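A.B. asks: Handing you this structure, nothing more for now.
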Amino acid sequence: MSQKIKRGGKSVRKTAAAQGKARQVKAARARTGSAMDAVMSWIPLSESQLHQLFLAAILGLAVVLAWMVASFAGVPAMAQQQLAAISHDAGFEVRRVEVTGTKNLNELKVYQLALADNRRAMPMVDIDGLRERLLELSWVEDARVSRQLPDTLAIDIVERKPAAVLRKADRMVLIDATGHELQAVSEARAKGKLVISGPGAGRQVEALNQLLTAAPALKPQVAEAEWVGNRRWNLTFKTGQVLALPEGEEAAPKALMTFARLDGVNRLLGGKTLAFDMRAPDRIYFRLANRTDRIEQPQGAAAPAKAVTAKDKQGDTN
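In our numbering, the protein residues as written are 479 to 796.
Next up, the structure:
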């Protein structure tokens, strides 16, 4: 019986060489896989975050290409439409607005400004323009606006801090330390807050706070402060009594500290005296209940019912 010999088959050497190449390819793939795993372990991103990052990169490339094509064609409007369509298809569209930092500000106003633009494609949102519109709100001192891909606008509000209530001719307004008006308030809501009045008083809030700091024991007792003649203060205490202070950055705190010491010794607040006038150096004038003289007179002269020098601290002050 004859046996056929098949020609052209692989030799032992070729077979060994092919098996060697297969082993090399397998080893190379293993090395590549382990290297990629090592690189991925060093990246502090989850798989979903990486997926979003790749989508953002793809969207950015698509946007650039669409804009270039439309610009070459001379039709920017077409580029915007194409950008909006691509963003919508990729899920990069404003669907959520996250607002933080608000306490007194009505958040509805923030949402209205954030969603006012009909162009909801995330890349087309005017971040700087939105921030400028937010800064126009009375309570907003600063605002930070950012995109959180794929569909969220993050808005962080820094609110102004109310410092006093400004009494105007027709209404009462809550203001901050710079005199910036925050909102109108009622008499009931103003109760318990420091009320200031007088032309230009709103610009003197910080100076008034520094003045009251000179007498910490009296500060909680002050209910109102009137800025008189754009130069000095009349303080009204919660007892209803009025203290006329002299003008001057040094004279006014000194007089207030003197009054605090006198009150500590003689209990001036809560007594029968209606008003105290300390505009004259080293002298304090008392206005009793049977007098009707005003503290501030046109010539700046006082008509006291009783006068006590700074040295006469132990006398009868009622």
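Glycine included, C-beta positions come from ideal geometry on N, C-alpha and C. Predicted model only: the values in this text are computed from it and were never measured.
For residue 677 versus residue 660, is the C-beta distance shorter than 8 Å?
C.D. replies: Cβ distance not < 8 Å, so residue 677 and residue 660 don't count as in contact.
A.B. asks: Leaving out five residues before and five after residue 603 in sequence, what residues of the same chain have Cβ atoms less than 6 Å from its Cβ?
C.D. replies: If we look at residue 603 and ignore the five residues flanking it on each side, it has no Cβ neighbours.
A.B. asks: When DSSP labels each residue in this structure, what does residue 741 get in the three-state scheme?
C.D. replies: Residue 741 falls in the helix class under three-state DSSP.
A.B. asks: Does DSSP classify residue 771 as helix, strand or coil?
C.D. replies: Here the model assigns residue 771 a pLDDT of 49, short of 50, so the residue's position is not dependable, and the following value carries that caveat. Residue 771: coil per DSSP, three-state reduction.
A.B. asks: When we look at the beta-carbon of residue 760 and count the other beta-carbons within 10 Å, is it buried (16 or more) or exposed?
C.D. replies: Under this definition residue 760 is an exposed residue.
A.B. asks: When we look at the beta-carbon of residue 702 and count the other beta-carbons within 10 Å, is it buried (16 or more) or exposed?
C.D. replies: It counts as buried.
A.B. asks: Unbroken beta strand (DSSP E) runs of length 3 or more, entirely within the region 574 to 600: which are they?
C.D. replies: You should have 574 to 578.
A.B. asks: Short of 8 Å in beta carbon distance, which residues of its chain neighbour residue 712, apart from the five on each side in sequence? Order them along the chain.
C.D. replies: So the list reads 703, 704, 706, 720, 721, 722, 723, 773, 774, once near-sequence residues are dropped.
A.B. asks: Pull up the distance between the alpha-carbon of residue 623 and that of residue 582, whole angstroms please.
C.D. replies: Distance between the alpha carbons of residue 623 and residue 582 is about 19 Å.
A.B. asks: What is the DSSP secondary structure of residue 682, reduced to helix, strand or coil?
C.D. replies: Helix at residue 682.
A.B. asks: When you compare the region 676 to 691 with the region 637 to 656, are there three or more beta-carbon pairs, one atom per stretch, that lie closer than 8 Å?
C.D. replies: Yes, since at least three Cβ pairs between the region 676 to 691 and the region 637 to 656 fall closer than 8 Å, the two stretches touch.
A.B. asks: Which word fits residue 664, buried or exposed, when buried means at least 16 other C-beta atoms lie within 10 angstroms of its C-beta?
C.D. replies: It is exposed - the Cβ of residue 664 has fewer than 16 other Cβ atoms within 10 Å.
A.B. asks: Count the other CB atoms, across all protein chains shown, that sit within 10 Å of the CB of residue 605; report buried if there are 16 or more and exposed otherwise.
C.D. replies: Per the 10 Å Cβ criterion, exposed.
A.B. asks: Which residue comes first and which comes last in the alpha helix (DSSP H) that contains residue 665?
C.D. replies: It spans 665 to 668 - the alpha helix (DSSP H) in which residue 665 sits, taken as one unbroken run.
A.B. asks: Could you check how far apart the C-beta atoms of residue 580 and residue 635 are, in whole angstroms? I think they sit under 8 Å.
C.D. replies: Confirmed, about 5 Å.
A.B. asks: With DSSP as the reference, please indicate the residues paired to residue 633 in a beta bridge.
C.D. replies: 577, 623, per the DSSP bridge assignment.
A.B. asks: Name the DSSP bridge partner or partners of residue 606?
C.D. replies: Paired residues: none, contrary to the question.
A.B. asks: By DSSP, does residue 708 sit in helix, in strand, or in coil?
C.D. replies: Looking at residue 708 - three-state DSSP - the assignment turns out to be coil, as it is neither helix nor strand.
A.B. asks: On a CA-only basis, which of 619, 591, 726 is nearest residue 658? Give me that one, please.
C.D. replies: Of the candidates 619, 591, 726, the one whose C-alpha sits nearest the C-alpha of residue 658 is 619.
A.B. asks: Based on Cα-Cα distance, which residue from 630, 610, 690 lies nearest to residue 735?
C.D. replies: Here the closest residue by C-alpha is 690.
A.B. asks: Taking Cβ to Cβ, would you say residue 740 is nearer than 8 Å to residue 751?
C.D. replies: No; because the gap between Cβ atoms is not below 8 Å, this pair is not in contact.
A.B. asks: How would you call residue 685, buried or exposed, if buried means at least 16 neighbouring beta carbons within 10 angstroms?
C.D. replies: Its Cβ having fewer than 16 others within 10 Å, residue 685 is exposed.
A.B. asks: Shortest alpha-carbon distance to residue 730 belongs to which of 651, 586, 709, 632?
C.D. replies: For the residues 651, 586, 709, 632, the minimum Cα distance to residue 730 belongs to 709.
A.B. asks: Using CA coordinates, which residue listed in 757, 585, 717 is at the minimum distance from residue 745?
C.D. replies: Nearest option by C-alpha distance: 717.
A.B. asks: Look up residue 640 in the DSSP assignment and give the residues it is bridged to.
C.D. replies: Paired residues: 654.
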